[in-house]
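Below is one structure, written out as structure tokens; the observations come after it.
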Amino acid sequence: MSGDFRLDGRLAVVTGAARGIGRAIAERLAESGARLVIADRDEAEGAVVVAAIRDAGGAASFTFLDVTDRAGVAASVERIGADEGEVDILINNAGIVRNASALEMSPEDWQSVLDIDLGGVFHCSQAFGRGMVARSRGAIVNISSICGEVTVFPQPQVSYNAAKAGVNLLTKSLAVEWAKCGVRVNAVAPGYVGTELTLRGRSNEEWFGTWMRMTPMGRLGAPREIANAVLFLASDASSYITGTVLTVDGGYTAM
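Structure below.
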């Protein structure tokens, strides 16, 4: 692997890393030499990821993190700093989706998606970004979605779409604000990826069939394919890239 893609000596925090895309990202960054902090609410699954990384010869630890809890996020920054050192890379991956039509979505479901998928990205970027700006170095990669650019169908998910659109502009806003401080902020926007949540969609033939027809490559992405894009944006291979939303969707948004 080219040295530009290596992350030796760097500390990376991945939120929502206990499973799915977040786990694949954590494992991929560890393969490239980063030390990992698995930041999640699920301690049991987080421990599984930590063990897998260590078994593969990497370095990893777990910290409990609720991205909606601003005070808790700030405490996590202090705890990680004391235990692990300065954070060089932040991957904002934690997220949820609520499939409900606009007329039927409850206020609670609307708010929970906005709080986690958009508010959580800001809280973590702000808290970890302070140290990065102070040290004049760092890379933040937010996990957005094609839903931040286009309205996918047939599943209704107005709150998720709105949140991911917000993540895209938040990414650009932070990138511009922190560019002269040596901190790069980018996003990866996956299409349909073979995670546990997406694979559940196979039970709805209308949904899954539409997703595949709308994806020119005709298949789901693999979590590792998303992780490879994240590695690129987190590494020095993308040293002149900031404010970009990198779409990884098998051609969906090109239709």
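Okay, so the sequence shown: first residue is 1 according to the working numbering, each after it adds one. Glycine included, every Cβ here is placed at the ideal spot set by N, Cα and C.
- In the DSSP annotation of this structure, the continuous segment of the alpha helix (DSSP H) that includes residue 54 starts and ends at 43-55.
- Within the same chain, Cβ atoms closer than 7 Å to the Cβ of residue 64 are found at 41 and 43, the five residues on either side in sequence being excluded.
- Proximity to residue 224 across 39, 23, 252 and 34 peaks at 23, based on C-alpha coordinates.
- Of the candidates 4, 202 and 9, the residue whose Cα lies closest to the Cα of residue 88 is 9.
- Along the segment 91-174, the beta strand (DSSP E) occurs as fully enclosed runs of 3 or more residues at 138-143, listed in sequence order.
- Within the same chain, Cβ atoms closer than 8 Å to the Cβ of residue 197 are found at 20 and 97, the five residues on either side in sequence being excluded.
- Residue 66 carries a coil assignment under DSSP once its states are collapsed to helix, strand and coil.
- The closest CA to that of residue 186, considering only 32, 115 and 145, is found on 145.
- Here the alpha carbon of residue 252 sits roughly 15 Å from the alpha carbon of residue 194.
- Distances from the CA of residue 216 to each of 34, 191 and 233 were compared; the closest alpha carbon is that of 191.
- Collapsing the DSSP output to three states places residue 228 in a helix.
- Nearest C-alpha to residue 250 among 218, 234 and 84: 218.
- Between residue 204 and residue 156, the CB-CB gap reaches or exceeds 7 Å.
- A check of alpha carbon separations from residue 18 across 228, 71 and 92 identifies 92 as the nearest.
- Between the alpha carbons of residue 154 and residue 207 lies a gap of roughly 6 Å.
- Linking residue 160 to residue 189 through their CA atoms gives a straight-line distance of about 13 Å.
- Under the DSSP definition of a beta bridge, residue 221 partners with 193.
- Minimum Cα-Cα distance from residue 131 among the listed residues 83, 102, 181 and 172 corresponds to 181.
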